[in-house]
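In the numbering used here, the protein residues as written are 872 to 948.
Think of the CB as a built atom: it goes at the ideal place given N, C-alpha and C, for glycine as much as any other residue.
Written as structure tokens, this is what we have:
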């Protein structure tokens, strides 16, 4: 079935979940999702759990969190 991850079309088997789809797209990005440094949203911008099974035509976007390191201070200060 055809899905989209970060605007890239992918053909994946029926029953593929979010985690598997992201890994098929980019293994490094999948690791960031697994570690909590990134999260996945659907076409509406709502966060989607990694175990959710996908349907044909699903659109996913992976968002990398912008975390500051300890002691980095406020950029606007």
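- Taking residue 922 as reference, the option from 874, 888, 876 and 873 with the minimal CA-CA separation is 888.
- Under the criterion of beta carbons closer than 8 Å, residue 932 and residue 877 qualify as touching, at roughly 6 Å.
- In this structure, the beta-carbon distance from residue 904 to residue 892 does not fall below 8 Å.
- Within the same chain, 900, 903, 933, 934, 935 and 936 come within 8 Å of residue 909 by CB-CB distance, once the 5 residues on both sides are set aside.
- The C-beta separation of residue 873 from residue 928 comes to about 7 Å, placing the pair in contact by the 8 Å criterion.
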